[in-house]
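Peer 1: What follows is a single structure, and I will ask about it in a moment.
There are 2 protein chains.
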Amino acid sequence: MGEKLIGAVEAGGTKFILALARSSGDILARTRVPTTVPAVTFAAMREFFDQATGAHGPIASFGIASFGPIDIDPASSAYGTFTTTPKPGWSGARFHDALAGFGAPITVDTDVNGAALGEWHSGAGQGCGTLAYTTIGTGIGTGLVRDGRSLMGFSHYESGHIRPPRDLARDPYPGKCPFHADCLEGLASGPAIADRWGASLDQVDNREDAVELIGSYIAHLAAALVLLHMPDRLIFGGGVMHAPGLIASVRRQCERQLAGYIVDPRLDDGLERYIVAPGLGDDAGITGAIELGRQALGE
Amino acid sequence: MGEKLIGAVEAGGTKFILALARSSGDILARTRVPTTVPAVTFAAMREFFDQATGAHGPIASFGIASFGPIDIDPASSAYGTFTTTPKPGWSGARFHDALAGFGAPITVDTDVNGAALGEWHSGAGQGCGTLAYTTIGTGIGTGLVRDGRSLMGFSHYESGHIRPPRDLARDPYPGKCPFHADCLEGLASGPAIADRWGASLDQVDNREDAVELIGSYIAHLAAALVLLHMPDRLIFGGGVMHAPGLIASVRRQCERQLAGYIVDPRLDDGLERYIVAPGLGDDAGITGAIELGRQALGE
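Quick note, the sequences are listed as chains A and B, same order.
For reference, each letter of the first sequence is one residue, going 1248 to 1546 in my numbering.
For reference, each letter of the second sequence is one residue, going 1248 to 1546 in my numbering.
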């Protein structure tokens, strides 16, 4: 074969998914370990890659799609380091330190950029020039890919902290974000929904109204993404998006908010082909991590 | 000398600024013509470049920073064509048709991308990796440059049509945008200010309150740009920004809205070095157009 091997990590707030893959994408070994503290989780990660290396050969590069905030600027001296995360013990932890022993190049990006990259490469974003992947779950965040490379400024984006217009008569809930109260994450994340209604969105009383309300906030984010990035397609994933009727509500309300201002065939048919569900389901993150590993190879 | 000559056009809704420049940026000839209808304005543009060419030599490339909406995708068959502009006669007009006789490559971008590029090259955005330039004037729009190239998705951005949160008790004005009523352009553009108060922002009664209100909307746009692009700096220009106290109000309210969530030295000192006025004043557009011409040369 001679094909190079990639160590791929999807680092989430509750679990790490680890895989050894060929650069073609075939996964040779795979496991998951709980996210506790770096000393424990990083050790388990190293052990998996040690064993996988013993069985399959040396790792040529690592690709990591991680929760954050984390430094994803390859030019930064702190590249790969968790910054101000509230998760106990993780601020200052660095993937490059944990994996230095393997002597392989490491590419680190955010979980949502990784998912965007995975969906762009082999999921619902194939063929897009610019693709936005948003997760509506425990948190809210958006990753953007253009021509196969994730986008960033001096840091990764933080779309979940945009404040949407509100109608307090309709939704008096004050919001749950410790920084902004009623930003998108404070109003429409899973924890905000549970806090407001004591149930998940698919089990709340008066479900149609609740879906329409949460849909209005997500539609605002969708419209902001259109106006500030003009993606070829928007993917919305994450646990909250499983609520029946939600994606249709987002399409309908986003179209209403844009009000015909953006004229483009991509947006025809009620945004049916423009705002879509993920194609890879739970595999978007690890697929993106493998792709990041491929980019670390310079391939 | 042997330096190549660039034909530069800053195409605005009321006037075209035309220049013949060396690729070093030195301007050899310059004029302005009113924006009426394409047959007249394009003819005057051609005549200027004909005369300039006669006096100084052939044009090696054109750089155009234009009002829109306009197709700025170099891969599109309609590149350089005005699309759905409400300006009578301009939909379908194309710079490449108007300038074909010169046989030189043409780069077309938006007015705000041109201004961003000019400020990045030789104004208040020098040294930035990612730079956002926003104009608050007759319209509201933002151009973004990363490493000297303007950013776009399937089309140019439309930041002016984001809808900010509102307090209707404080500002009952319904908004002036024909598409969205109370989007940013509908609330905070020069025409919206004139319509709401019958005066420009520096001459309105109760000026401090008015500046704070308009500043709150612009601060929302600034925060959205931070959260969705993480620029190294935000420049705010355009006629409305001349109102005394406005930029300080935008800094103060943007900082309050971000609420300490983005921790970075760029944002220290009350955003004093982060949200700034243009460095080139009225010359940003034509400077950017010259830079676009340089890019058309492949230099």
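All residues carry an ideal CB built from backbone N, CA and C; glycine is no exception.
Remember, it's a predicted structure, so these values are computed and weren't measured experimentally.
Under 8 angstroms between C-beta atoms, does Q1542/B make it to chain A?
Peer 2: In the second sequence, counting from the first residue as 1, residue 1542/B sits at position 295. Closer than 8 angstroms: no.
Peer 1: Counting only Cβ-Cβ distances shorter than 9 angstroms, please list the residues of the region 1392-1424 of chain B near chain A, keeping chain order.
Peer 2: Flagged, chain order: R1393, L1398, M1399, G1400, F1401, S1402, H1403, Y1404, E1405, S1406, G1407, H1408, I1409, R1410, P1411, P1412, R1413 and C1424.
Peer 1: Just to confirm, are V1256/B and L1265/B a CB contact at a threshold of 8 angstroms?
Peer 2: One-based indexing of the second sequence puts residue 1256/B at position 9. One-based indexing of the second sequence puts residue 1265/B at position 18. Yes; because the gap between Cβ atoms is below 8 angstroms, this pair is in contact.
Peer 1: Inspect the beta-carbon positions of D1358/B and A1312/B and report whether they are closer than 8 angstroms.
Peer 2: Position 111 of the second sequence, counted from the start, is the residue given in the question as residue 1358/B. Position 65 of the second sequence, counted from the start, is the residue given in the question as residue 1312/B. In contact: D1358/B and A1312/B (Cβ atoms closer than 8 angstroms).
Peer 1: Report all residues from its chain with a CB closer than 7 angstroms to the CB of G1259/A; omit the five preceding and five following residues, and keep chain order.
Peer 2: Taking the first sequence and counting its residues from 1, one reaches residue 1259/A at position 12. Here the set comprises T1282, F1314 and D1358.
Peer 1: Leaving out five residues before and five after D1429/B in sequence, what residues of the same chain have Cβ atoms less than 7 angstroms from its Cβ?
Peer 2: Walking along the second sequence from the start, residue 1429/B turns up at place 182. Correct list, in chain order: R1410, R1413, P1421 and G1422.
Peer 1: For chain B, check one thing: does any of its Cβ atoms lie closer than 8 angstroms to the Cβ of F1426/A?
Peer 2: Here residue 1426/A corresponds to residue number 179 of the first sequence, with the count starting at 1. So, interface residue.
Peer 1: Give a yes or no on whether 8 angstroms exceeds the smallest Cβ distance from V1523/A to chain B.
Peer 2: Position 276 of the first sequence, counting from 1, holds the residue named residue 1523/A. Closer than 8 angstroms: no.
Peer 1: Distance, Cα to Cα, A1307/A vs L1493/B?
Peer 2: Within the first sequence, the letter at position 60 stands for residue 1307/A. Within the second sequence, the letter at position 246 stands for residue 1493/B. Rounded to whole angstroms, A1307/A to L1493/B spans 54 angstroms at the Cα level.
Peer 1: Which residues, in order along the region 1504-1518 of chain B, keep a beta-carbon less than 9 angstroms from a beta-carbon of chain A?
Peer 2: Cβ contacts with chain A come from Q1504, L1505, A1506, G1507, Y1508, I1509, V1510, D1511 and R1513.
Peer 1: For G1528/B, count neighbouring Cβ atoms within 10 angstroms of its own Cβ and tell me buried if that reaches 16, exposed if not.
Peer 2: Start at 1 with the first residue of the second sequence, and residue 1528/B comes out as number 281. Result: exposed.
Peer 1: For the region 1468-1479 of chain A, list every residue whose C-beta sits within 9 angstroms of some C-beta in chain B, in sequence order.
Peer 2: Hits within the stretch, in order: A1470, A1471, L1472, V1473, L1474, L1475, H1476, M1477, P1478 and D1479.
Peer 1: What's the C-alpha gap between T1330/B and I1317/B?
Peer 2: To locate residue 1330/B, count along the second sequence from 1; it is residue 83. To locate residue 1317/B, count along the second sequence from 1; it is residue 70. If I take the Cα positions, the gap works out to 5 angstroms.
Peer 1: With a threshold of 16 other CB atoms inside 10 Å of the CB of S1436/A, please say whether the residue is buried or exposed.
Peer 2: Residue numbering aside, residue 1436/A sits at position 189 when the first sequence is read from its first letter. Looking at its Cβ environment, which holds 16 or more other Cβ atoms inside 10 Å, S1436/A is buried.
Peer 1: Quick one: what does DSSP say V1523/A is sitting in, helix, strand or coil?
Peer 2: One-based indexing of the first sequence puts residue 1523/A at position 276. Strand, per DSSP.
Peer 1: Quick one: Cα of R1269/A to Cα of D1530/A, how far?
Peer 2: Position 22 of the first sequence, counted from the first residue, corresponds to residue 1269/A. Position 283 of the first sequence, counted from the first residue, corresponds to residue 1530/A. Near 16 angstroms, if we compare the C-alpha coordinates of D1530/A and R1269/A.
Peer 1: Compute the distance between the beta-carbons of T1381/B and I1482/B, then report whether it is under 8 angstroms.
Peer 2: What you label residue 1381/B is simply residue 134 of the second sequence in a count that begins at 1. What you label residue 1482/B is simply residue 235 of the second sequence in a count that begins at 1. Yes, they are a contact pair.
Peer 1: Going straight from the alpha carbon of A1543/A to that of L1346/A, what length do you get?
Peer 2: Position 296 of the first sequence, counted from the start, is the residue given in the question as residue 1543/A. Position 99 of the first sequence, counted from the start, is the residue given in the question as residue 1346/A. One C-alpha to the other measures close to 14 angstroms.
Peer 1: So, helix, strand or coil for I1353/A, using DSSP?
Peer 2: The residue labelled residue 1353/A in the question sits at position 106 within the first sequence. Here I1353/A sits in strand by DSSP.
Peer 1: Fully enclosed by the region 1409-1467 of chain A, which alpha helix (DSSP H) runs are 4 residues long or longer?
Peer 2: Entirely contained in the region 1409-1467 of chain A, the alpha helix (DSSP H) runs reaching 4 residues are, in chain order, 1431-1435 and 1437-1444.
Peer 1: Against T1377/A, what residues of chain B qualify as contacts under a CB-to-CB distance less than 9 angstroms, listed in chain order?
Peer 2: Taking the first residue of the first sequence as 1, we reach residue 1377/A at position 130. Result: M1399, G1400 and F1401.
Peer 1: According to a CB-to-CB cut-off of less than 7 angstroms, which residues of the region 1306-1331 of chain B neighbour chain A?
Peer 2: Listed by position, the residues of the region 1306-1331 of chain B near chain A (Cβ gap below 7 angstroms) are T1331.
Peer 1: Starting from T1278/A, follow the beta strand (DSSP E) in both directions and report where the run begins and ends.
Peer 2: Within the first sequence, residue 1278/A is the residue found at index 31, counting from 1. Note, T1278/A: beta strand (DSSP E), I1274 to P1281.
Peer 1: Go to V1497/B, then tell me how far its beta strand (DSSP E) extends in each direction, as first and last residue.
Peer 2: On the second sequence, position 250 is the one that residue 1497/B refers to. Segment L1493 to L1505 is the alpha helix (DSSP H) holding V1497/B; no beta strand (DSSP E) there.
Peer 1: Determine the extent of the alpha helix (DSSP H) in which F1554/B is found, giving its start and end residues.
Peer 2: There is no way to answer for residue 1554/B, as the model of chain B reaches only from 1248 to 1546.
Peer 1: Alpha carbon to alpha carbon, how far is A1363/B from L1391/B?
Peer 2: Your numbering for residue 1363/B matches position 116 in the second sequence. Your numbering for residue 1391/B matches position 144 in the second sequence. Roughly 6 angstroms separates the two Cα atoms.
Peer 1: Compute the distance between the beta-carbons of G1327/B and I1537/B, then report whether it is under 8 angstroms.
Peer 2: Numbered from its first residue, the second sequence carries residue 1327/B at position 80. Numbered from its first residue, the second sequence carries residue 1537/B at position 290. Cβ atoms of G1327/B and I1537/B: not closer than 8 angstroms.
Peer 1: Secondary structure at F1314/A, three-state DSSP: helix, strand or coil?
Peer 2: Residue 1314/A sits at position 67 when you count from the first residue of the first sequence. Coil.
Peer 1: By Cβ distance, which residues of its chain are closer than 8 angstroms to L1431/B, with the 5 residues on each side in sequence left out?
Peer 2: By 1-based counting over the second sequence, the position of residue 1431/B is 184. For L1431/B, where only same-chain residues beyond five positions count, the Cβ hits under 8 angstroms are I1387, S1406, G1407, H1408, I1409, R1410, P1411, Y1464, I1465, H1467 and L1468.
Peer 1: In terms of residues, what are the limits of the alpha helix (DSSP H) holding L1364/A?
Peer 2: Locating residue 1364/A in the first sequence gives position 117, counting from the first residue. Element bounds for L1364/A: D1358 to S1369.
Peer 1: Mind checking whether F1309/A and I1353/A have CB atoms under 8 angstroms apart?
Peer 2: Walking along the first sequence from the start, residue 1309/A turns up at place 62. Walking along the first sequence from the start, residue 1353/A turns up at place 106. Yes, these two residues count as a Cβ contact at 8 angstroms.
Peer 1: Alpha carbon to alpha carbon, what distance is there between R1341/B and R1541/B?
Peer 2: Your numbering for residue 1541/B matches position 294 in the second sequence. Your numbering for residue 1341/B matches position 94 in the second sequence. Whole-angstrom Cα-Cα distance: 20 angstroms.
Peer 1: Would you report the Cα separation of R1443/A and E1455/A, rounded to the nearest angstrom?
Peer 2: Taking the first residue of the first sequence as position 1, residue 1443/A is located at position 196. Taking the first residue of the first sequence as position 1, residue 1455/A is located at position 208. Each residue's Cα considered, the two are about 15 angstroms apart.
Peer 1: Okay, do the region 1518-1527 of chain B and the region 1496-1506 of chain B touch, 3+ Cβ pairs below 8 angstroms being the bar?
Peer 2: At 8 angstroms Cβ cutoff, the stretches touch.
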